[in-house]
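*Asks:* Chains as they are written, first to last, in the numbering used here: chain A, 1 to 406; chain B, 1001 to 1245. For glycine and all other residues, C-beta sits at the position ideal for the given N, C-alpha and C.
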């Protein structure tokens, strides 16, 4: 029997029992729809976290002093002096896979304006820092190259700082505030970024030229951190390797020697967050998968009943020349048609539910194309797997008994 | 005349529990092309077993069965299915039509399992077969919209559509009233007149008058095998029946 005839026969058999076919399908529909929806929720939250990370600068690389041992005792990072301004200059000049580099030194203290004050940390950074961390200036200007050269007492502040120090809504631009006892002139205000994925207020920030912080506040010659941006997120790995190579060379570290610096990239953070959301996705999918399994068992159940109910029909088909494999294929095709049609409806319903959840509950959702393909695959396999046994039973019926079955 | 069916010393044993039941105990006969044979016997005579073997649904325990020269006894299940598809047309007592299916589609069924028949040819042949049994005007009637006589005609058309070597009818008039039974017998006689080989299995001895040859089975053996020189005309019988309102 050719496939066209097979399909025709199976479709007709299903058509003769429309309501029952639909009920059988319902199990698959609900199963697939829940898989699609759950995956969409999982992927949605993953995407939203990824987006937040990329707002922090997804191609950001942080270089910290480290692995400094004195007499076998590992030293605290802040006391390490292995990162120098020269390293910043070297990276800037020699590493080709980074587009922006900035030193970072910070000091915490009290910000004071008149009778308002708030604890904050003053970050000494370079010109590239804004682009690395994806900050933007909303009012005023960023400090200049000139300010860095002269270690000028100027700063740029975040929204939270403005709210804390200027509660009466005065324009902060040009105003003088004090960090501990040192006066700083505000040249600009940063555009608000809100809280980051870790719950840290990204607007509670004061940026000043790194020279100012190093010379006037900390009186140090070493850097606490160097931050850079790789050319692209994909080339972060490459940039990390290049920086390592350059720094090892300039730090004169022997081939078997340990790095005296540590490089972290935002990618690590992102993969950590991803593993969390992946776990969530897997959990949700498992629950959804169980409902798909139940749907599959539903198919098996109905197909079994159908084989018994249609024994006479099977007997007739055999007596007019259907071979065992013709009967087997017919029942298998019926099961697969049910599961695939259920799959198509399920995908549509799942996407609809995902959109509904997005609109009503405001949850981030994202329907991955592969999750749709996966569902189709699983449906077909479910149909074949659960249709096989009843189909096998139908095909092994004895035609003599089947035709006389009442 | 070519031999269509050749049975030699057919035995068929069934094992029921610890006992062996001998349903057929050495049956032999040949059936030529164009014969109209009635196989008769009471319940338990072995006629159902005979029918199953003739229809290639079952194989004999011993003995040889040649259908159009093919030795059925040595065939596998699937080979017999193909043989049924090409060489045998079944007509059952309870019609066995597919429900919610039109007359044409029911008749097309055997050809669905024959890949060498295209869908166009299948339809043409089904329509032709239905016209031959007098249902040319009911092609698209559903099986549940027809009377018993009409359903049996559809079943006969289905048995004819593959142009079989032999038509096997199992109590084909058993579920029909007298008048309709004769209408069906008229149809069988017409088919016989067209040269078809027909085997009619029944427990009703009256029907033996309308066939050319009668085989009586009793307790698994052929008791009588006689040719009927005086075949009664079913059409005349039908005409003599009082017309019911």
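Taking the beta strand (DSSP E) that residue 1025 of chain B belongs to, which residues open and close that run?
*Replies:* Where residue 1025 of chain B is concerned, the enclosing beta strand (DSSP E) stretches over 1019-1032.
*Asks:* Tell me which residues share the same chain as residue 1047 of chain B and place their Cβ nearer than 6 Å to its Cβ, disregarding the 5 neighbours each side in the sequence.
*Replies:* Excluding residues within five positions, the ones whose Cβ falls inside 6 Å are 1039, 1041, 1201, 1217.
*Asks:* Whole angstroms is fine: what's the gap from residue 240 of chain A's alpha carbon to residue 130 of chain A's?
*Replies:* So the two alpha carbons sit approximately 20 Å from each other.
*Asks:* Against residue 1014 of chain B, what residues of chain A qualify as contacts under a CB-to-CB distance less than 9 Å, listed in chain order?
*Replies:* Chain A residues near residue 1014 of chain B: none, gap ~11 Å exceeds 9 Å.
*Asks:* If you follow the alpha helix (DSSP H) that residue 1246 of chain B is part of, which residue opens it and which one closes it?
*Replies:* No answer is possible for residue 1246 of chain B: it lies beyond the span of chain B, which begins at 1001 and ends at 1245.
*Asks:* For residue 131 of chain A, which three-state DSSP category applies?
*Replies:* Correct three-state label for residue 131 of chain A: helix.
*Asks:* My parser needs the alpha helix (DSSP H) runs of 4 or more residues fully inside the segment 1096-1158 of chain B; what are they?
*Replies:* Whole alpha helix (DSSP H) segments, 4+ residues: 1103-1112, 1119-1132.
*Asks:* Which bits of chain B does residue 312 of chain A rub up against, with CB to CB less than 8 Å?
*Replies:* Going along chain B in sequence order, the residues near residue 312 of chain A (Cβ under 8 Å) are 1096.
*Asks:* Do residue 1238 of chain B and residue 1161 of chain B have their beta-carbon atoms positioned less than 7 Å apart in this structure?
*Replies:* Not in contact: residue 1161 of chain B and residue 1238 of chain B (Cβ atoms no closer than 7 Å).
*Asks:* Among B:1182, B:1055, B:1064, which residue has its Cα nearest to the Cα of residue 1165 of chain B?
*Replies:* Ranking the options by Cα distance to residue 1165 of chain B, first place goes to B:1055.
*Asks:* Which partner residues does residue 1256 of chain B have in the DSSP bridge list?
*Replies:* In the structure as shown, chain B begins at 1001 and stops at 1245. Residue 1256 of chain B is therefore absent and cannot be evaluated.
*Asks:* Terminal residues of the continuous alpha helix (DSSP H) containing residue 267 of chain A?
*Replies:* From DSSP, the alpha helix (DSSP H) with residue 267 of chain A extends over 266-309.
*Asks:* Ordered along the chain, which non-local residues of its own chain (more than five positions away) have a Cβ less than 6 Å from that of residue 1036 of chain B?
*Replies:* If we look at residue 1036 of chain B and ignore the five residues flanking it on each side, its Cβ neighbours are 1192, 1198, 1211, 1212.
*Asks:* How big is the Cα-Cα spacing for residue 354 of chain A and residue 144 of chain A?
*Replies:* Taking the straight line joining both Cα atoms gives about 48 Å.
*Asks:* Check whether the segment 1148-1160 of chain B touches the segment 1104-1116 of chain B, taking contact to mean three or more Cβ pairs, one atom from each stretch, closer than 8 Å.
*Replies:* In short, these stretches touch, since the Cβ pair count reaches three.
*Asks:* What residues in the segment 312-335 of chain A have a beta carbon less than 9 Å from any beta carbon of chain B?
*Replies:* Under the 9 Å Cβ criterion, the segment 312-335 of chain A contributes 312, 313, 315, 316, 317, 318, 319, 320, 321, 322, 323, 324, 325, 326.
*Asks:* Using Cβ-Cβ distances below 8 Å, what residues of the segment 1199-1215 of chain B are close to chain A?
*Replies:* Per Cβ criterion, the list is empty.
*Asks:* Ordered along the chain, which non-local residues of its own chain (more than five positions away) have a Cβ less than 6 Å from that of residue 1009 of chain B?
*Replies:* So the qualifying residues of the chain are 1026, 1028, 1063.
*Asks:* Decide yes or no for the touch test of the segment 117-133 of chain A against the segment 244-253 of chain A: beta carbon pairs closer than 8 Å, at least 3 of them.
*Replies:* The segment 117-133 of chain A is not in contact with the segment 244-253 of chain A.
*Asks:* Assess contact between the segment 84-95 of chain A and the segment 311-322 of chain A, defined as three or more Cβ pairs (one per stretch) separated by less than 8 Å. Is contact present?
*Replies:* Contact between the segment 84-95 of chain A and the segment 311-322 of chain A is absent, because fewer than three Cβ pairs lie under 8 Å.
*Asks:* Is the segment 1003-1021 of chain B close to the segment 1131-1145 of chain B, with three or more CB pairs under 8 Å?
*Replies:* No, the segment 1003-1021 of chain B does not touch the segment 1131-1145 of chain B.
*Asks:* Check each candidate in B:1019, B:1050, B:1018 and name the one with the smallest Cα separation from residue 1170 of chain B.
*Replies:* The candidate whose alpha carbon is nearest that of residue 1170 of chain B is B:1050.
*Asks:* Decide if residue 209 of chain A is buried, meaning its Cβ has at least 16 other Cβ atoms within 10 Å, or exposed.
*Replies:* Residue 209 of chain A comes out buried.
*Asks:* Take residue 1232 of chain B as the anchor and find which of B:1220, B:1215, B:1182, B:1163 has the nearest alpha-carbon.
*Replies:* Considering only alpha carbons, the answer is B:1182.
*Asks:* Tell me the residue span of the alpha helix (DSSP H) that contains residue 375 of chain A.
*Replies:* Run containing residue 375 of chain A: 369-395, per the alpha helix (DSSP H) assignment.
*Asks:* Are the segment 143-163 of chain A and the segment 183-197 of chain A touching by the rule of at least three beta carbon pairs closer than 8 Å?
*Replies:* Segments in contact, yes.
*Asks:* What's the gap between the Cα of residue 360 of chain A and the Cα of residue 41 of chain A?
*Replies:* Distance between the alpha carbons of residue 360 of chain A and residue 41 of chain A is about 13 Å.
*Asks:* Along chain A, which residues have their Cβ under 8 Å away from the Cβ of residue 1077 of chain B?
*Replies:* Simply 323, 324.
*Asks:* If you draw a straight line from the alpha carbon of residue 101 of chain A to that of residue 226 of chain A, how long is it in whole angstroms?
*Replies:* The straight-line gap from Cα to Cα measures roughly 7 Å.
*Asks:* Using the rule of at least 16 other Cβ atoms within 10 Å of the residue's Cβ for burial, across every protein chain shown, is residue 1085 of chain B buried or exposed?
*Replies:* That one is buried.
*Asks:* Could you tell me whether the segment 170-184 of chain A touches the segment 110-123 of chain A, using the rule of 3 or more Cβ pairs below 8 Å?
*Replies:* Yes, since at least three Cβ pairs between the segment 170-184 of chain A and the segment 110-123 of chain A fall closer than 8 Å, the two stretches touch.
*Asks:* So with CB distances below 9 Å, who are the chain A contacts of residue 1099 of chain B?
*Replies:* Those within 9 Å of residue 1099 of chain B in chain A are 16, 313.
*Asks:* Quick check: is the beta carbon of residue 400 of chain A nearer than 7 Å to any beta carbon in chain B?
*Replies:* Taking Cβ atoms only, chain B reaches closer than 7 Å to residue 400 of chain A, which makes this a yes.
*Asks:* How far does the alpha helix (DSSP H) with residue 1035 of chain B in it extend, from its first residue to its last?
*Replies:* Per DSSP, residue 1035 of chain B belongs to no alpha helix (DSSP H) and is neither H nor E.
*Asks:* Grouping DSSP H, G and I as helix and E and B as strand, with all else coil, what is residue 51 of chain A?
*Replies:* Reduced to three states, the DSSP call for residue 51 of chain A is helix.
*Asks:* Starting from residue 20 of chain A, find everything on chain B with Cβ-Cβ shorter than 8 Å and list it in chain order.
*Replies:* Under the 8 Å cutoff, chain B gives no residues; its nearest Cβ is about 13 Å from residue 20 of chain A.
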